[in-house]
Amino acid sequence: MTNPPTLFDLGGRVAVVTGANTGIGQAIAVALADAGAAVALVGRSAMDETRALVTGGARVHEIRADLSTTAPLQGIVDETVARLGRLDILVNNAGIIRRADAVDYSEADWDAVIDTNLKSLFFLSQAAGRHMIAQGSGKIVNVASLLSFQGGIRVPAYTASKSGVAGLTRLLACEWAAKGVQVNAIAPGYVATKNTEALRADEKRSADILGRIPAGRWGKPSDIGGAAVFLASAASDYVNGIVLPVDGGWLAR
Numbered sequence: 007m008t009n010p011p012t013l014f015d016l017g018g019r020v021a022v023v024t025g026a027n028t029g030i031g032q033a034i035a036v037a038l039a040d041a042g043a044a045v046a047l048v049g050r051s052a053m054d055e056t057r058a059l060v061t062g063g064a065r066v067h068e069i070r071a072d073l074s075t076t077a078p079l080q081g082i083v084d085e086t087v088a089r090l091g092r093l094d095i096l097v098n099n100a101g102i103i104r105r106a107d108a109v110d111y112s113e114a115d116w117d118a119v120i121d122t123n124l125k126s127l128f129f130l131s132q133a134a135g136r137h138m139i140a141q142g143s144g145k146i147v148n149v150a151s152l153l154s155f156q157g158g159i160r161v162p163a164y165t166a167s168k169s170g171v172a173g174l175t176r177l178l179a180c181e182w183a184a185k186g187v188q189v190n191a192i193a194p195g196y197v198a199t200k201n202t203e204a205l206r207a208d209e210k211r212s213a214d215i216l217g218r219i220p221a222g223r224w225g226k227p228s229d230i231g232g233a234a235v236f237l238a239s240a241a242s243d244y245v246n247g248i249v250l251p252v253d254g255g256w257l258a259r
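Using this note's numbering, you'd call the opening residue of the sequence shown number 7 and step up by one each time.
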């Protein structure tokens, strides 16, 4: 007699993870695959490293796409269903950051950040949501930020986009929960990724940040994986519209 699946088992599920070529997106993709999901890896560059980290024979399919425009979004959903058979989980992780004082911030940088972090996130969620609503089930996990709760400095478009992600997460949860689709978000704390290189290179800023984190360390991309598995699994079937901080205790201080 075989053991029944656990609440966190993603066997037979198919996930799309954007920005899966590096950092948090890579760690989430690997965690979902480790939990049994087949994963469509979406990114602008080659995802050989992510493929190499996926073990246990999990199916992966690579989709090259630039999410600075909405042009490839419906195709991502269609290709995933065609190649992997279905779509159960969408992780909206892809994002960019541009730093400048608010008085100097350019319209080009504003548009680039909002288009990738918020506009494409919504319209990919819309495309995936139509599919999930039709099948009566699905999980959407957005990657928000501590700046969904706080203002930050020198990242006005990023703060606006991530505040928007939190709002869209709640709106979509309100509209889709009764249709069997759970929409939630993760708010990573200060994680050692390419997006935080500038902060970690600034000796004073890095020390100030580290001094406020109760856990006493910067986060690792792998720290986000467990939260993603939870929000993608049956364990979260009655969780709707939350923004879950994974921040080493930053917001508690």
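Cβ atoms here follow ideal geometry from the backbone N, Cα and C, with glycine treated the same way.
Secondary structure of residue i, DSSP reduced to three states
i, result
"G56", "As written in the sequence, residue 56 is Thr, which differs from the Gly given in the question. Reduced to three states, the DSSP call for T56 is helix."
"F14", "coil"
"A64", "coil"
"R176", "helix"
"P227", "helix"
"I139", "helix"
"R70", "strand"
"V161", "coil"
"L257", "helix"
Residue i vs residue j beta-carbon contact at 7 Å
i, j, result
"A26", "G63", "no"
"V189", "L178", "yes"
"S74", "N123", "no"
"G29", "K200", "yes"
"V161", "R211", "no"
"A133", "L79", "yes"
"G186", "G142", "yes"
"V87", "I102", "no"
Same chain, Cβ closer than 7 Å to residue i, neighbours up to 5 away in sequence not counted
i, result
"L90", "V20, A44, A46, R65 and H67"
"A234", "I34, A37, L38, V97, V147 and I192"
"L13", "S239, A240 and A241"
"W182", "G135, I139 and V189"
DSSP bridge partner residues for residue i (one or two, in chain order)
i, result
"P220", "DSSP, once it has assigned bridges, lists no residue as partnering P220."
"T24", "V48"
"I95", "A21 and K145"
"A191", "N148 and V249"
Nearest-angstrom Cα separation, counted from residue j out to residue i
i, j, result
"D253", "L152", "8 Å"
"I95", "T165", "26 Å"
"R206", "W224", "9 Å"
"W116", "A163", "5 Å"
"A58", "Q32", "11 Å"
"V23", "V60", "13 Å"
"G195", "G217", "13 Å"
"L130", "D84", "11 Å"
"I176", "L257", "With the sequence shown as reference, residue 176 is identified as Arg, and Ile is not the correct amino acid for it. Going by the C-alpha atoms only, they are around 20 Å apart."
"G236", "A52", "The sequence as given places Phe at residue 236; Gly does not occur at that position. Approximately 27 Å between the Cα atoms of the pair."
"N246", "A184", "10 Å"
Contacting residues, own chain, Cβ-Cβ under 8 Å from residue i (five flanking each side not counted)
i, result
"S169", "L153 and S154"
CB contact below 7 Å: residue i versus chain B
i, result
"A43", "Checking the listed chains, one finds no chain B in this structure; it contains a single protein chain."
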